[in-house]
Amino acid sequence: MTTPVDALQTALAGEHAALYVYGVLGARTSQSATPLLFERISEAYVAHRAWRDLLTNRLVDEGAEPTPAAPTYELPDTPPTPAGVGLAAAGIESRCADTYAYVVANTSGADRSWAIGALTRAATRMVGFGAAPQPLPGGPDLA
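In UniProt numbering, the protein residues as written are 1 to 143.
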């Protein structure tokens with residue numbers, strides 16, 4: 001059985017991965033040539049960094065050792081073009097939405113409320129990066 005701490009650890013691992021990949025995507029994005037995409041990538045990076053820090057602090061408050069970041073992560077197999085960067089970013093948000101749905105299902109109270117908000121923001125960003133809206137973001141097997 002998954003505990004709330006296990007679910008939060010899973011979300012933290014997802015945030016570490018998101019930050020790594022967004023860092024790479026930021027390097028593939030031009031602030032002058034594609035300012036809107038650059039801004040969205042930058043905003044997503046800042047949001048995921050804040051969520052990583054929040055999850056780390058929450059786990060410490062629970063007396064748990066936060067999951068450390070891996071030394072490297074698999075990068076999306078998309079071309080380093082604006083369209084490829086948008087597709088990769090939408091994929092990050094989709095995976096994060098899946099993780100937040102997992103947290104929603106395995107927590108309660110403030111942790112669940114936070115995860116619902118994170119799921120909503122991930123779904124919104126996913127569409128902003130060009131993905132089609134989903135009837136149940138974070139729950140593709142439920143649609």
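Think of the CB as a built atom: it goes at the ideal place given N, C-alpha and C, for glycine as much as any other residue.
Only a predicted model underlies this, so the values are computations on that prediction, with no experimental measurement involved.
- Judged by DSSP in its simplified three-state form, residue 15 adopts helix.
- The C-beta of residue 74 has fewer than 16 other C-beta atoms within 10 Å across all chains shown, which makes the residue exposed.
- Short of 7 Å from the beta carbon of residue 118, and not among the five residues preceding or following it, lie these beta carbons of its own chain, in chain order: 51, 100.
- Around residue 93, the same chain offers 122, 125, 126, 129 as residues with beta carbons nearer than 7 Å, after the five sequence neighbours per side are excluded.
- Pairing residue 46 with residue 5, the inter-Cα distance amounts to about 24 Å.
- Short of 8 Å from the beta carbon of residue 26, and not among the five residues preceding or following it, lie these beta carbons of its own chain, in chain order: 38, 41, 42, 45.
- For residue 70, the three-state secondary structure derived from DSSP is coil.
- Only residues of its own chain outside the window of five on either side were considered, and among them 78 have a CB closer than 6 Å to the CB of residue 84, listed in chain order.
- In this structure, the alpha-carbon of residue 109 lies about 11 Å from that of residue 103.
- Ranking 120, 106, 91 by CA distance to the CA of residue 3 puts 106 first.
- Of 22, 10, 71, the smallest CA-CA separation from residue 80 is found for 22.
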